[in-house]
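These notes are about the structure you will find just below.
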Amino acid sequence: MRAVILVGGFGTRLRPLTFTTPKPLLPVANVALLEHVIAGLSVVGVTEVVLALGFKPEPFMSAFPDGVCAGVALRYAVEPEPMDTAGAIGFAARFAQINETFIVVNGDILTDLDISTLIAFHRNHGAIATLHLTPVEDPSQYGVVETNNDGVVQRFVEKPQAHETTSRAVNAGTYIFEPSVLDYVVPNKPLSAERVVFPALAAKGVLYAMSTNDYWIDTGRPETYLAANLDLIDGTRSQILASIAAQAHIAGTAVITHSVVGDGCRIGAGAIVANSVLLPGAVVQDGARVEASIVMGHIGAYANVTDCVVGAEGRIDGHTTLVAKKIPDPATL
Ligand code: GDD
Ligand code: MG
219 MRAVILVGGF GTRLRPLTFT TPKPLLPVAN VALLEHVIAG LSVVGVTEVV
269 LALGFKPEPF MSAFPDGVCA GVALRYAVEP EPMDTAGAIG FAARFAQINE
319 TFIVVNGDIL TDLDISTLIA FHRNHGAIAT LHLTPVEDPS QYGVVETNND
369 GVVQRFVEKP QAHETTSRAV NAGTYIFEPS VLDYVVPNKP LSAERVVFPA
419 LAAKGVLYAM STNDYWIDTG RPETYLAANL DLIDGTRSQI LASIAAQAHI
469 AGTAVITHSV VGDGCRIGAG AIVANSVLLP GAVVQDGARV EASIVMGHIG
519 AYANVTDCVV GAEGRIDGHT TLVAKKIPDP ATL
């Protein structure tokens, strides 16, 4: 089976990190997010992945120079302009001449869903499209879905207002599609799956959905990106990955707790790093304290940084205290 992965978004909510690295290439517990996603697809027998690319395609090509990721062959469908989600799926599927049942995934989702159960549900119901759903407390950041007892989608509302629905089941970003879904996608025009195609399929009664309670997270915001990293090192998930890369340089008196430290990071004497992610190359100088933060850049000696996102160009002066800041601030760039 083949899969299309949507990886062409701007990663706006993860700025300043995504100024230098597209969201799917950011590491989660020291493995690229995209590699986690593709590893999950290879388990169910996906042999070829079509990357639906737009914004910044070059870093993807250089990240996987032999055109293979997690043992799966890659193809690159590069949109001439952002096509939005359905436009991008249509563009990629036509580019790869997909003419059989296929999988589509949002490139920023980490989940323990066994996709073969979603495929079986799709086949058993004779659906033309089947969505994976997950329960959340607040659906306002997601596509909320109302289904009947047979799993037929009655309504799909993207980013609902509080009064719009009582459902707490949201689109979890993994889909099984028949090629006939492409009949709903006019070629080469921007089109939203969530705002146009899913409501249209729901109106015809041919859209199905299956909810599971598997581990699920959309890594697209700083707090969820941080959580996705820590969930992979602390036993929250079935898989446990090493938290500190072999190529990090850590002073003997530094204290690191519940954190991920990437290749080439430097952590000075007496520094404290807790509940944080240090991306490859980050520097934390002597005596600095980093708590609940994501760091690509440079933290000066004895600085105190809490709840911050520091991009590659970010430099925090020594002896300063910063709380809940993005450096450099995407709003001013
Ligand atoms: N190729 C391409 N072109 N990809 C795109 C484009 C585009 O124009 N726009 C967005 N994408 C990709 C993003 O890179 C991401 O992998 C995926 O589409 C979803 O976009 P997000 O920007 O992450 O959307 P979201 O998180 O606000 O909402 C989506 O995911 C939720 C679950 O996490 C929607 O599908 C919601 O319905 C869903 O609940
Ligand atoms: Mg997302």
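Per the working numbering, the sequence shown starts with residue 219, numbered consecutively. Here a beta-carbon is modelled for each residue, glycine too, at the ideal position from N, C-alpha and C. Since the structure is predicted, the reported quantities are computational estimates derived from the model, not experimental observations.
Spatially closest choice to residue i from the options, by CA coordinates
i, options, result
"I390", "R373, S398, P378 and V363", "Note that residue 390 corresponds to Ala in the displayed sequence, not to Ile. When each option's Cα is compared against that of A390, the closest is V363."
"R484", "L496, A492 and H476", "L496"
"D535", "A519, P234 and K543", "A519"
"I316", "Y426, T230, F395 and F416", "F395"
"V267", "N342, V222, T303 and T454", "V222"
"T365", "V388, V479 and E509", "V388"
"M219", "S456, R413, A311 and E318", "E318"
"A521", "A510, A345, H537 and S429", "H537"
"L331", "K407, K422, P548 and S429", "S429"
Beta-carbon gap between residue i and residue j smaller than 9 Å
i, j, result
"V296", "P277", "no"
"T329", "A291", "no"
"G263", "G325", "no"
"A530", "T230", "no"
"V323", "L224", "yes"
"A288", "L243", "no"
"T303", "L425", "no"
"V527", "H516", "no"
"D452", "I327", "no"
"R373", "T384", "no"
"I490", "V508", "yes"
"S477", "A463", "no"
"V261", "I337", "no"
"F313", "R293", "yes"
- Item | beta strand (DSSP E) runs contained entirely in the stretch 366 to 441, provided each spans 3 or more residues | List check, beta strand (DSSP E) in window: 371 to 376, 387 to 395, 425 to 429 and 434 to 436.
- Are the stretch 497 to 516 and the stretch 464 to 483 touching, with three or more C-beta to C-beta distances below 8 Å? With the rule of 3 Cβ pairs closer than 8 Å, the stretch 497 to 516 counts as touching the stretch 464 to 483.
- Message: Run the Cβ filter for me: residues under 5 Å from any heavy atom of the ligand MG, listed in the order they occur in the chain.
- Response: My final list is D326, D436 and G438.
- Task: Could you tell me which uninterrupted alpha helix (DSSP H) segments, each at least 4 residues in length, are contained entirely in the stretch 272 to 338, listed from first to last along the chain?
- Result: Runs of the alpha helix (DSSP H) inside the stretch 272 to 338: 276 to 281 and 302 to 313.
- Contact between the stretch 253 to 264 and the stretch 228 to 237 (3+ Cβ pairs under 8 Å): Taking 8 Å as the limit for Cβ pairs, the verdict is that the stretch 228 to 237 does not touch the stretch 253 to 264.
- What are the uninterrupted segments assigned as beta strand (DSSP E) that are 3 or more residues long and contained completely in the stretch 237 to 274, given in chain order? DSSP assignment within the stretch 237 to 274 yields the following whole beta strand (DSSP E) runs of 3 residues or more, N-terminal first: 266 to 271.
- Task: For the stretch 439 to 451 and the stretch 398 to 411, state whether three or more C-beta atom pairs, one from each stretch, are separated by less than 8 Å.
- Result: No: fewer than three Cβ pairs fall under 8 Å.
- Jot down the residue ranges of each uninterrupted beta strand (DSSP E) in the stretch 437 to 496, minimum 3 residues, whole runs only, in chain order. Taking only runs of at least 3 residues, the beta strand (DSSP E) segments lying wholly in the stretch 437 to 496 are 473 to 475 and 490 to 492.
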